[in-house]
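Participant: Have a look at the structure that comes next, please.
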Amino acid sequence: MSSLLSIDAVCKRFGGYTALDDIRLEIRQGEFIALLGPSGCGKTTLLRVIAGFMAPDTGRIVIDGQDVSHLPPHRRPLNTVFQNYALFPHMSVLENVAYGPRRQGVARAEANSRALASLELVGLAALGNRYPREMSGGQQQRVALARAIVNRPKLLLLDEPLSALDMKLRKRMQLELKHLQEKLGIAFVFVTHDQEEAMTMADRIVVMNAGRIEQIGAGTEIYRAPATRFVAEFIGEANLIAFEASRDGEIRLAMQDSVAPAPRPDAPARGLAVLRPEHLQVLDDANPGCDGLCRLTGVLSDVISVGSHTMIHADIGGHAVLARAMGLPNAGMLPGSPVRLGFHPSHLHLIGEHA
Ligand code: ATP
């Protein structure tokens, strides 16, 4: 499918600080993209450059084949939903949503009917006569969405739109937003620093760090095969273990000098092996582990139960290792006691030293 939005070699500097460094990204029609990264990595700056609130120093923004780099925000075929909703307090909900079409010269009756259709999509058709102050946070967020989609933009930009909501409502809104996006077929670019939120909603996640793109991919792909150390540490929890590959297709892990068959034939010569905590199992009399497991022995440092699962912190020859087991801990798992852990070598993901 052809690109709806092309971000072509975009750079943006503030004084001596590079906020966006050669950003290149293609977004398809109807795609849900999350821009994910820690505070200050440049997510909002990139969104503002796409929206036209800020000009890039170099590079181009192309939407649907048209270079919009020099167009003001209102001339671009997109809309933006901000964190603080920015609803007009003196207008009813219906008037808020009808405002966009009215400004474009659409007659009142037609604008109201479009606004009503848009409110219907977000489940608020019955509340059009209310004022924003009479709506809950989640409802106000839906009004902001209805207002942003009333003119059916090709692209909707959303800057942390759920961050003001409490956790439960936020999780519900994530699913609602995803379903709404699928129904509308409008491409969404959604800024968040919350990896779970990005994983829940996005078709593809763009992981950013210090003004650069570290990796682009589906959430599961990024989790399973992080391209860099930064991504491995930022997405989920990870044990990162230095390794060297030998000529005979084995890799030697720094930790306890364990040797494992290389998980892939083109393994880099050295770098970091990523091992997710859920891929480490506790071995004991009840679970001796199957053939082919790599085994580690050490001492438990902390055992933390969060109900649904248990986090097991172990010291393996001076390396801190984290394992996650389903359910509650076994009775004998006390800090200071010996522990045996096992993992299958196919669960090691190798990152070359220059990544
Ligand atoms: P957050 O999640 O905290 O909103 P972010 O990833 O959206 O962070 P940006 O707001 O894009 O980060 O900012 C990127 C960097 O650029 C930050 O270091 C910020 O201080 C800087 N920056 C952003 N806007 C300006 C500006 N107008 N003038 C100077 N520096 C700026």
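In terms of the UniProt record's numbering, the sequence shown opens at residue 1 and continues consecutively.
Yeah, the Cβ is synthetic: ideal placement off N, Cα and C, and Gly gets one too.
Being a predicted model, the structure only gives us computed values, none of them experimental.
Is it right to say Tyr85 is buried, meaning 16 or more other beta carbons lie within 10 angstroms of its own, or is it exposed?
Facilitator: Result: buried.
Participant: Only counting the same chain, and skipping five residues up and downstream in sequence, which positions put a Cβ closer than 6 Å to that of Val200?
Facilitator: A small fix is needed here, since residue 200 is Thr in this sequence, not Val. Here the set comprises Gln174.
Participant: State yes or no: is the C-beta of Val206 within less than 7 Å of the C-beta of Leu35?
Facilitator: Yes; because the gap between Cβ atoms is below 7 Å, this pair is in contact.
Participant: Using the DSSP secondary-structure output, state which residues sit across from Pro38 in a beta bridge.
Facilitator: BP columns for Pro38 are empty, so no partner.
Participant: Would you check if the region 40-48 and the region 10-23 touch, i.e. whether three or more CB-CB distances between them fall below 8 Å?
Facilitator: Flag = yes, the region 10-23 and the region 40-48 touch.
Participant: What first and last residue would you give for the beta strand (DSSP E) that runs through Phe14?
Facilitator: Segment 3-14, the beta strand (DSSP E) holding Phe14.
Participant: Work out the CA separation of Arg170 and Leu162 for me, nearest whole Å.
Facilitator: Each residue's Cα considered, the two are about 6 Å apart.
Participant: Should Cys11 be listed as close to the ligand ATP, given that the test is whether its C-beta is under 6 Å from any heavy atom?
Facilitator: Every heavy atom of the ligand ATP is 6 Å or more from the Cβ of Cys11, so no.
Participant: May I ask whether a heavy atom of the ligand ATP can be found less than 6 Å away from the beta carbon of Phe82?
Facilitator: Checking the Cβ of Phe82 against the ligand ATP gives no.
Participant: Mapping DSSP to helix, strand and coil, what is Gln66?
Facilitator: Three-state DSSP puts Gln66 in a strand.
Participant: With a cut-off of 8 Å on the beta carbons, I'd call Phe32 and Ala202 a contact; round off their distance for me.
Facilitator: About 5 Å separates the two Cβ atoms, so the contact holds.
Participant: DSSP beta-bridge partners for Gln215?
Facilitator: DSSP, once it has assigned bridges, lists Val207 as partnering Gln215.
Participant: Where do the N-terminal and C-terminal ends of the beta strand (DSSP E) with Met199 fall, by residue?
Facilitator: No beta strand (DSSP E) contains Met199, which is instead part of the alpha helix (DSSP H) from 195-201.
Participant: Suppose the cutoff is 6 Å on Cβ atoms and the five residues either side in sequence are ignored; what does the same chain contact list for Asp248 look like?
Facilitator: There are no such residues.
Participant: Under the criterion of a Cβ to heavy atom distance below 6 Å, does Gly40 qualify as lining the ligand NAP?
Facilitator: This structure simply doesn't include the ligand NAP; it includes the ligand ATP instead.
Participant: Nearest CA to the CA of Leu165: which residue from Leu180, Asn112, Lys183, Glu197?
Facilitator: The shortest C-alpha separation from Leu165 is found at Glu197.
Participant: The alpha helix (DSSP H) with Ser301 in it runs from where to where?
Facilitator: No alpha helix (DSSP H) holds Ser301; the beta strand (DSSP E) holding it covers 294-305.
Participant: Measuring from the CB of Thr18, is there a heavy atom of the ligand ATP at a distance below 6 Å?
Facilitator: Thr18 Cβ: outside cutoff for every heavy atom of the ligand ATP.
Participant: To which residues of the same chain is His193 closer than 8 Å at the C-beta, ignoring the five residues directly before and after it?
Facilitator: Within the same chain, His193 has close Cβ partners Leu36, Gly37, Pro38, Ser39, Lys43, Glu160.
Participant: Distance, Cα to Cα, Asn96 vs Val81?
Facilitator: Asn96 and Val81: Cα-Cα distance of roughly 13 Å.
Participant: Measuring alpha carbon to alpha carbon, tell me which of Leu300, Ser308, Met326 ends up nearest Ala314.
Facilitator: Per the Cα distances, Leu300.
Participant: Around the Cβ of Ile304, are there at least 16 other Cβ atoms within 10 angstroms (buried) or fewer (exposed)?
Facilitator: Result: exposed.
Participant: Could you compute how far the alpha carbon of Arg108 sits from the alpha carbon of Met326?
Facilitator: Between Arg108 and Met326, the C-alpha separation is close to 58 Å.
Participant: Cutting at 6 Å between CB atoms, please list the residues of its own chain near Gln281, excluding the five before and the five after it.
Facilitator: Cβ neighbours of Gln281 beyond the five flanking positions: Gly342.
Participant: Taking 7 Å as the cut-off, decide whether the C-beta atoms of Leu87 and Val150 are in contact.
Facilitator: Cβ distance not < 7 Å, so Leu87 and Val150 don't count as in contact.
Participant: Tell me the residue span of the beta strand (DSSP E) that contains Thr45.
Facilitator: Segment 43-51 is the alpha helix (DSSP H) holding Thr45; no beta strand (DSSP E) there.
Participant: Note down, in chain order, each residue of its chain lying with its Cβ closer than 8 Å to the Cβ of Pro101, except the 5 sequence neighbours on either side.
Facilitator: Around Pro101: Glu110, Ala111, Arg114, Ala115, Val150, Asn151.
Participant: Sort Pro132, Pro261, Ile27, Gln140 by Cα distance to His90 and report the nearest one.
Facilitator: Considering only alpha carbons, the answer is Pro132.
Participant: What does the alpha-carbon distance come out to for the pair Gln195 and Thr228?
Facilitator: Approximately 16 Å between the Cα atoms of the pair.
Participant: In three-state DSSP terms, what is residue 359?
Facilitator: Missing from the structure shown is residue 359; the chain here goes from 1 to 355 and no further.
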